[in-house]
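Visitor: I'd like to ask some things about the structure below.
Residue numbers (this note's numbering): 609 to 694.
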């Protein structure tokens with residue numbers, strides 16, 4: 609839907625910098641997109657926590673795979689060669 613309405617908000621320089629930096633840190637292209645999401649109550653906290661959990665799960669998965677591979681090739685667990693039959 610095209611955006612046809614205009615909302616103006618006055619902030620001081622410090623507030624503007626904080627808003628701009630926060631929008632940038634959260635990956636927004638513009639401060640307008642960021643403020644619009646905040647005003648429309650999109651759950652930014654949930655999205656941030658979800659991203660953190662996703663990264664943690666990926667890290668755990670990588671650690672598990674590394675540990676699993678290491679255990680497969682330790683001396684105690686090293687597979688024995690298949691005996692050839694005469």
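Each residue gets a CB set at the ideal place from its N, CA and C atoms; glycine is no exception. Nothing here was measured: the structure is a model prediction, and the numbers come from that model.
1. Is the separation between the beta-carbon of residue 619 and that of residue 627 shorter than 8 angstroms?
2. How would you write the range of the alpha helix (DSSP H) that residue 629 sits in, first residue to last?
3. Less than 8 angstroms between C-beta atoms, sequence neighbours within five positions excluded: which residues of the same chain meet that for residue 636?
4. Going by Cα to Cα distance, which pick from 640, 611, 662, 609 is closest to residue 617?
Guide: Working from what's here:
1. yes
2. 621 to 633
3. 642, 645
4. 640
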